[in-house]
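In full-length UniProt numbering, the protein residues as written are 1 to 280.
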């Protein structure tokens, strides 16, 4: 009996301490009910101890959940920044293609188009030589002009390209490794796709490639590679803005053509599967 009473007092002290530290509202109510009750037995003490244990575990689980949420909140800005860094080059490309900055897009479009036209008219050696000679002539003339003006004004003779000469233009190794890994991933994916197509892993996909190559033979007889590049660049800088301005009509006609092509493909697949079944 004395052992039971002593254990009862110890349990009551434990419940009060746990109630003060972990869940004051829950444990205060339980302890008050426990202290007001005069007639209690050992089973009641066990029930109260079990309730205290459940509350402690619940409180610990809530603390762990709060810690996980805090870690996610702390790490989320870093993930958003990394996501923005990944998206940055693609967003700049789309801004160019959609003519968001007219002056910048015009410079890029005009420069690349002039280069492609020059390559179609002259050899690549001549084009590179003329471009390098023009750039060198501009820099030499500007360097001489700044030297003459500084001498006439009796000012300090400073190099006009000093700012650019002091800049570090070396490529960091981590950037090279990063882009090298991405390039290697695309090369491996391309090799696997070519193996899939040319070794006829799927007959339908291989037939699609055969039709595409057959069409390209006729295209190659009319256009050369540089002409196709010029057409592709003009289309890249004109089609997106045209699609943005006439999206509804283009989507309508595209849906009609796509549904018609899907019907043709389904008919071809059905005939091919019928031939296979007859052969088996």
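Note that the Cβ used here is the ideal one computed from N, Cα and C, for glycine as well.
- DSSP places residue 104 in the uninterrupted alpha helix (DSSP H) bounded by 102 to 121.
- DSSP places residue 202 outside any alpha helix (DSSP H), giving it a letter other than H or E.
- Here the C-alpha atom of residue 95 lies approximately 14 Å from the C-alpha atom of residue 243.
- The Cβ atoms of residue 209 and residue 199 do not sit closer than 7 Å to each other.
- For the pair residue 127 and residue 268, the Cα-to-Cα distance works out to about 49 Å.
- A residue is called buried once 16 or more other Cβ atoms fall within 10 Å of its Cβ, and residue 116 is buried on that count.
- Here residue 112 has 233 as same chain residues with Cβ atoms under 7 Å from its own Cβ, once five neighbours each way along the sequence are excluded.
- Assigned with DSSP and collapsed to three states, residue 224 falls in coil, not helix or strand.
- Boundaries of the alpha helix (DSSP H) around residue 184: 173 to 198.
- Across the structure, residue 151 and residue 158 are spaced so that their CA atoms are roughly 11 Å apart.
- Straight across, the Cα-Cα distance linking residue 249 with residue 239 is about 14 Å.
- With a minimum length of 4 residues, the unbroken runs of alpha helix (DSSP H) contained wholly in the region 210 to 259 fall at 225 to 245.
- Around residue 205, the same chain offers 196, 197 as residues with beta carbons nearer than 8 Å, after the five sequence neighbours per side are excluded.
- Across the structure, residue 273 and residue 98 are spaced so that their CA atoms are roughly 44 Å apart.
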